[in-house]
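Read the structure below first, then the notes.
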Amino acid sequence: MVSVISNSIAYKPIISIENIVATVTLDESLDLYAMERSVPNVEYDPDQFPGLIFRLETPKVTSLIFKSGKMVVTGAKSTEELIKAVKRIIKTLKKYSIKITGKPKIQIQNIVASANLHVHVNLDKAAFLLENNMYEPEQFPGLIYRMDDPRVVLLIFSSGKMVITGAKREEEVYKAVKKIFDKLEELDCVRPIEEEDEIEI
Amino acid sequence: RWRKWQVRARIQSSIDRNLAQAMNELERIGNLLGLPKSVKDEAALIYRKAVEKGLVRGRSIESVVAASIYASCRRMKIARTLDEIAQYTKANRKEVARCYRLLLRELDVEVPVSDPKDYVTRIGSLLGLSGATMKLAAEILEKAKNVGLTAGKDPAGLAAAAIYIAALLNDERRTQKEIAQVAGVTEVTVRNRYKELTQELKIPIQNQ
DNA sequence: ACTTTACTTTCAAAAGC
DNA sequence: GCTTTAAAAAGTAAAGT
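The listed protein sequences derive, respectively, from chains V and S. Under our numbering, read the first sequence as residues 3 to 203, first letter to last. Under our numbering, read the second sequence as residues 3 to 210, first letter to last.
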């Protein structure tokens, strides 16, 4: 082949935020025993875990509430959903006469996302060429790659799909996916997927 | 200063005591697994590095020894699963795996990605199969790797399926059950890998 | 054999053992 | 280090039909 055919693979990933873990600070100590008595559908077993478990149906998130007035909220799929969930949790607690005065301080601690690069990844080659990676197919099918900047961990599968975790801002997720795509392509570890002739019965 | 020397000597003696105990464990587990001296020596070297880096603190000597043995087997291409090694310790697979990951991250121990072919030799010899069958199984795995069929899959399961196919083709048939047993995977896994390999590589199998 | 459920890996925070 | 929460990826496992 003489002519130089465009050998770069199109970067059209599908990225979705799957879970956001955040802490909420209320600056006010709470009586978890009173909460367990008055608020329905909560789980509280201090011998097993110091936090009271409160599940909100919409948005569907789960909150761990501590007596210090701090909470952990998990399950939100966007920042908007997270904020809405925190407001509703507090509104619900107030409804059951739990005294809360100050306004909550929300901090995102971890963002988990999934992505699909739409390429096949040669994990054996990637494991050999990438730094800071671990690929042990007898224990887990994905290659575990620790990226320094942004500081996230990616679980890369041969299907081209991946999991990105450890990010604190959504921007870091997009940056990390673009960066790993470029890196894998540069190292010649990606191959386009044959065809997507899925328009069949 | 005298004090400094004393502290150093105390640390050295604690390392020595740790090593002595670890070497006993290493010898015991290594012999139960039937490992050659070269593998045990390599494991001893890895363990010594771990102690010197203080990686054994807060962990059981036994699980770090087991992890060192696993790392050594991988480096020497001796097929042994983590479960096989962990069964001779009080620690469970999860704890040994955790120690193994620690060794990989903290020590400069290069461990190659496991190769299903290494399991072929072990499974084949345990089943008393011919060299020709093992060679055929290795060839099947090579083709599978080239078309990207092996990524992310358990090498033991892949080797078991390749052995099953190769034995069938060479009239040395073994049941999926006996292969699965020596390979340390379930029959379902052997069957799944078998289907995939025969279909994707278009390997014709006569009857059942 | 098929489906369902569940476990492997990664991450972060909370309070306390 | 452990305990608890949630979520995805793909492979493996076990239980029930």
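Note that the Cβ used here is the ideal one computed from N, Cα and C, for glycine as well.
Residue-level contact check: Phe-159 of chain V touches chain S, since one or more beta carbons of chain S fall below 8 Å from its beta carbon. In terms of Cβ geometry, Ser-74 of chain S and Glu-44 of chain S form a close pair [threshold 8 Å]. At a cut-off of 8 Å between C-beta atoms, Tyr-137 of chain V counts as an interface residue with respect to chain S. Residue pairing by DSSP places Tyr-147 of chain V opposite V:Asn-135, V:Leu-156 in a beta bridge.
Contact between the stretch 155–163 of chain S and the stretch 182–202 of chain S is present: three or more C-beta pairs spanning the two stretches fall below 8 Å. Residue environment analysis places Ala-140 of chain S among the buried positions, since at least 16 neighbouring C-beta atoms fall within 10 angstroms of its C-beta. Looking at the backbone, the Cα of Gln-183 of chain S and that of Asp-156 of chain S are separated by about 15 Å. Secondary structure of Asn-118 of chain V (DSSP, three-state): strand.
Taking a Cβ-Cβ threshold of 8 Å, the residues of chain S close to Gln-141 of chain V are Leu-84, Ala-99, in chain order.
In this structure, the beta-carbon distance from Ala-115 of chain V to Ile-182 of chain V does not fall below 8 Å. Taken atom to atom, the span from the alpha-carbon of Gly-162 of chain V to that of Lys-6 of chain S is near 56 Å. Listed along chain V, the residues sitting closer than 8 Å to Lys-155 of chain S by beta-carbon distance are Pro-139, Pro-143. In terms of CA proximity to Ile-146 of chain V, V:Asn-134 leads the group V:Asn-134, V:Glu-140, V:Phe-68. Using a CB distance cut-off of 8 Å, Asp-126 of chain V counts as an interface residue toward chain S.
Look at the beta carbons and you see the stretch 174–190 of chain S touching the stretch 127–137 of chain S: at least three pairs across the two are nearer than 8 Å. Among the bridge pairs identified by DSSP, Arg-57 of chain V is matched with V:Thr-64. Under a criterion of Cβ atoms nearer than 9 Å, no residue of chain V is adjacent to Gly-126 of chain S; the nearest Cβ is some 19 Å distant. The closest CA to that of Glu-173 of chain V, considering only V:Lys-14, V:Ser-10, V:Ser-18, V:Asn-9, is found on V:Ser-18.
Minimum Cα-Cα distance from Pro-118 of chain S among the listed residues V:Ser-31, V:Ile-158, V:Pro-139 corresponds to V:Pro-139. Taking Ala-93 of chain S as the centre and dropping the five residues before and after it, the same chain places the C-beta of Ser-62, Glu-64, Ser-65, Ala-68 closer than 7 Å to its C-beta, in chain order. Contact check for Val-26 of chain V against Lys-93 of chain V fails: the beta carbons are separated by 8 Å or more. At least 8 Å separates the CB of Gly-60 of chain S from every CB of chain V.
Using a CB distance cut-off of 8 Å, Ala-129 of chain V counts as an interface residue toward chain S.
Within a 10 Å sphere around the beta-carbon of Val-9 of chain S sit fewer than 16 other beta-carbons, which makes this residue exposed. Chain V places no beta carbon closer than 8 Å to that of Arg-195 of chain S, leaving this residue out of the contacts. By the C-beta criterion, the stretch 76–93 of chain S is judged to be in contact with the stretch 33–50 of chain S, since at least 3 inter-stretch pairs fall below 8 Å. Three or more beta-carbon pairs separated by less than 8 Å link the stretch 108–118 of chain S to the stretch 45–61 of chain S, which places the two stretches in contact. Between the alpha carbons of Pro-106 of chain V and Leu-95 of chain V lies a gap of roughly 13 Å.
In the DSSP assignment, Arg-90 of chain V falls outside any beta strand (DSSP E) and lies within the alpha helix (DSSP H) extending over 81–97. For His-122 of chain V, the chain S residues whose C-beta falls within less than 9 Å of its own C-beta are Gly-150, Ala-153, listed in chain order. Closest by C-alpha distance to Leu-34 of chain V, out of V:Val-88, V:Tyr-98, V:Ser-10, is V:Tyr-98. Ser-116 of chain S belongs to the set of residues whose beta carbon lies under 8 Å from a beta carbon in chain V.
The DSSP assignment places complete alpha helix (DSSP H) segments of no fewer than 4 residues inside the stretch 153–203 of chain S at 157–171, 178–185, 189–202, in order along the chain. Take Lys-145 of chain S, set aside five residues on each side of it, and the residues of its chain with a beta-carbon closer than 8 Å to its own are Leu-203, in chain order.
By the C-beta density criterion, Tyr-13 of chain V is exposed, having fewer than 16 other C-beta atoms within 10 angstroms.
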